[in-house]
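In mature numbering (1 follows the signal peptide of the UniProt record, and there is no 0), the protein residues as written are -20 to -1, 1 to 368.
No residue lacks a Cβ here, since even glycine has one placed at the ideal position from N, Cα and C.
Presented below is the structure to which this report refers.
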Amino acid sequence: MLKTTILGTFLTAMAIGAYAQDSLTVQANLKGLKGGTLIISYPGAPKGGQTIEATSDKVSFKLPKREEYYAVSARNSNYATRTYVNYKNDTIRTPTGFFEFLAKEKDLKIESATLSYEDYYATGDDTNNDYSALKKSLAANRAKRDALSTQYAQTDPATNKELLESLGKQMSALSGERSKAEYTYIKTHPGNYLSVYLLSKMPYYFSTHRYQETYNNLAATYKTTAAAKSIEKIIADNAFMKNGDVTTNFIKTGLDGKPVDLAQYKGKVVILDFWGSWCGPCRASHPHLKEIYEKYHAKGLEIIGIAAERSKTPEDNQAAWRKAIEEDGIHWVHVLNNDPQGIDVVKTYGVRAFPTKIVLDREGKVIMRMTSAAAGDELDEILAGQLK
């Protein structure tokens, strides 16, 4: 009997020791967590996530050690959403109280002094240390973006069009600053896992060509990881209508009821702007497009807006489309993709996210494709070269 007890104790100790060797410890101090539940998700986590009931803002939990980094997302149940009221007096709820960090082998510490999802900082290894330092360097940028986003939602476009344009420009500029900081890190740290991870999270901050070029310049060290595979899938998904491809012609009905034939614009540099009245980033990009149009239209630039609306009826789609055009003051060529006449341009051109902009040279070949409201600098460079 004694031998059995000793053996059982020994085996239990071995199991605990093996678990300790195969797991890492995360110590977290998170504002507002007390009394709530921290829900942890990661590849291979229990269904519904790993849950930790918090009796204070400080918690400790285990994660599996792995040979490669993996992303861990966590959510504070006490602060699942942030609410504010828009100009229509509608209550808007946006996710908050969640964050993401990277785990591999070393123990980590996480601190948060606010409820912003970008204000959670993990430290303990080089990758997380770098990520936290980068996020801290962008804290002021984040605070400005949050304030402008709330102000934008609370501004009535019918009476404050100029203010909305100004807010849109400011938000685009701040998004551009953030993406530039992340891009600088990626370029200057090609051998770091964080560069692969960041690039996997920001496909819409670059043109398709630059996105692939940036990935190609990264070291091979982490190109077998899940983050790298997601980048490769993004590149493959956007391989259609890439630089040098000849575009498929389309004929759709324009605002005035007359046909818009893409073939008629051969000899001009054309921006195909895929957007929708419902798409905030699309409409935030319009002030910049208006500047471009004013600067280059006389030199041979044309913009064709291709709207994909999401209303319940064709009549509502038409109304939303026309109203947004007037509100934004975007008086160039427009077609509605929902119009049954002609091909589905969004599907034919492989557009999976909005806004997407495809730039064609005077021969109708693709010279740039971007799914972004923040890659304005690249667009400016291309147009400056084409429309001297």
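- Inclusion of lysine 11 and threonine 94 in the CB contact set at 8 Å is warranted, their separation being smaller than that value.
- Per the C-alpha coordinates, the member of Ile338, Gln131, Leu178 and Leu363 positioned closest to arginine 158 is Leu178.
- Each residue's CA atom was taken as its position, placing isoleucine 231 and proline 320 some 11 Å apart.
- One Cα belongs to lysine 42, the other to valine 331, and the distance between them is close to 41 Å.
- Annotated as proximal: tyrosine 49 and threonine 205, with beta-carbon spacing under 8 Å.
- The Cβ atoms of valine 326 and phenylalanine 254 sit closer than 8 Å to each other.
- Around the beta carbon of glycine 256, 16 or more other beta carbons sit within 10 angstroms, so the residue counts as buried.
- Assignment of alpha helix (DSSP H) within the segment 280 to 366, counting only whole runs of 4 or more residues, yields 294 to 308, 325 to 328 and 356 to 366 in chain order.
- For threonine 94, there is no enclosing beta strand (DSSP E), as DSSP gives it neither H nor E.
- In terms of CA proximity to valine 65, Tyr132 leads the group Lys209, Thr139, Val313 and Tyr132.
- Counted as a single uninterrupted DSSP element, the beta strand (DSSP E) harbouring glutamate 80 occupies residues 78 to 83.
- Taking all protein chains in view, the Cβ of serine 92 is crowded by 16 or more other Cβ atoms within 10 Å, so the residue is classified as buried.
- Where threonine 31 is concerned, there is no enclosing alpha helix (DSSP H), although the beta strand (DSSP E) around it starts and stops at 30 to 33.
- The continuous alpha helix (DSSP H) containing leucine 154 extends over residues 141 to 168.
- Within the DSSP secondary-structure output, lysine 89 pairs in a beta bridge with Gln7 and Thr103.
- Looking at Gly247, Leu242, Ala54 and Pro335, the one whose alpha-carbon comes closest to that of isoleucine 323 is Leu242.
- Each of Ser21, Ala300 and Glu271 was checked against the Cα of threonine 31, and the nearest Cα belongs to Ser21.
- Excluding the 5 residues flanking it on each side, lysine 160 has no same chain C-beta neighbour closer than 6 Å.
- Annotation: the continuous alpha helix (DSSP H) that includes proline 267 extends over 266 to 276.
- Under the DSSP assignment, tyrosine 22 falls outside any beta strand (DSSP E); it carries neither an H nor an E label.
- In the three-state scheme derived from DSSP, where H, G and I count as helix and E and B as strand, leucine 235 is classed as coil.
- Using a C-beta cut-off of 8 Å, the segment 309 to 317 makes no contact with the segment 220 to 228, since fewer than three inter-stretch Cβ pairs fall below that distance.
- One thing to note: glutamine 150 has its Cβ within 8 Å of the Cβ of leucine 128.
- Taken atom to atom, the span from the alpha-carbon of valine 39 to that of tyrosine 67 is near 40 Å.
- Ranked by how close their Cα comes to the Cα of alanine 299, the residues Thr227, Ser112, Leu144 and Trp258 have Trp258 in first place.
- Under the rule that a run must span 3 or more residues, the beta strand (DSSP E) segments found entirely inside the segment 193 to 243 read 231 to 233 and 239 to 241.
- Distance from the CA atom of asparagine 121 to the CA atom of threonine 336, rounded to whole angstroms, is 24 Å.
- Within the model, the alpha-carbon separation for serine 175 versus glutamate 162 is close to 8 Å.
- For the 8 Å CB-CB criterion, proline 267 and glutamate 358 do not form a contact.
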